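In this text, residue positions in the sequence shown follow numbering that gives the first Met the number 0: the first is 0, and each later residue adds one. Glycine included, C-beta positions come from ideal geometry on N, C-alpha and C. Computed from a prediction, not measured in an experiment: that's the story for all the values here.
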Amino acid sequence: MHNDLWQITDTHWQPRFIHCNSLMLGYVAWNGYLQQGQGLLVCDVIDPILPTINWSTDSIAFDQFFLAQARTAPYLRSLKLESTVIDAVGHAIVTYDPTQAIVLLIHGNQEPEINLLQNLAISPSDCYDQVQRRWAEFQPSFTPHRRHS
């Protein structure tokens with residue numbers, strides 16, 4: 000039996016998060032590209048990622064939005080990222096193939112992580128098509144979440 004419980008010593012939860020939410024991430028990335036051109040998919044994870052999370056059964060609240068290329072540098076500066084990181088993200092946005100890749104910023108547990116997702120098992124356009132066909136199944140995921148104070 001495979002245990003999907005995240006180990007307490009592993010702080011790199013982002014790959015598992017991406018895997019579990021790939022259809023929604025691809026959907027928003029492709030929709031953003033169709034509407035705005037190349038850009039950055041931003042995923043703001045609302046729930047804390049606890050060491051005891053079971054990725055098979057626990058759901059994680061998050062908001063996501065797409066930033067057009069022209070709006071990414073100001074947004075990244077607002078996160079106080081270094082200029083070399085901002086430049087690298089800008090270069091990735093200019094050169095990535097939106098039919099096969101996603102430039103993704105995940106912000107969770109107070110830490111931003113930027114990924115260039117390439118060689119995807121399901122292309123962003125296929126994610127978009129699948130979510131469109133199964134819209135009712137994904138509807139709760141597109142409800143904006145609010146942090147509780």
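Sequence-distant Cβ neighbours of GLY31 in its own chain, meaning closer than 7 Å and more than five residues away, are GLY38, LEU40, PHE65.
Two segments are said to touch when three or more pairs of C-beta atoms, one from each, lie closer than 8 Å; by this definition the segment 17–36 touches the segment 59–73.
If you compare the alpha carbons of ASN108, VAL27, ILE105, ALA67 with that of GLY89, the shortest gap goes to ALA67. Contact between LEU78 and PRO111 is confirmed by a C-beta separation of about 6 Å, below the 8 Å threshold. Distance from the CA of TRP54 to the CA of GLY107, rounded to the nearest whole angstrom, comes to 15 Å.
Listed in chain order, the beta strand (DSSP E) elements of length 3 or more contained wholly in the segment 58–146 are 61–67, 101–107, 110–116. When the alpha-carbon of THR56 is set against those of CYS19, ASN118, SER82, the nearest one is in CYS19. Here the alpha carbons of ILE121 and THR98 stand approximately 10 Å from one another. Under the three-state reduction of DSSP output, ASN53 falls in the strand class. Within the DSSP bridge table, the entry for GLY38 names ALA67 as partners. By the Cβ-count criterion, THR71 is buried, with 16 or more other Cβ atoms from all chains shown falling within 10 Å of its own Cβ. About 13 Å separates the beta carbons of VAL84 and ILE92, which is beyond the 8 Å limit, so they are not a contact pair. Straight-line spacing of the CA atoms in PRO47 and HIS11 works out to 13 Å. LEU115 sits close to ALA100, with the two beta carbons spaced by under 9 Å. For ILE17, the uninterrupted alpha helix (DSSP H) run begins and ends at 13–19, by DSSP.
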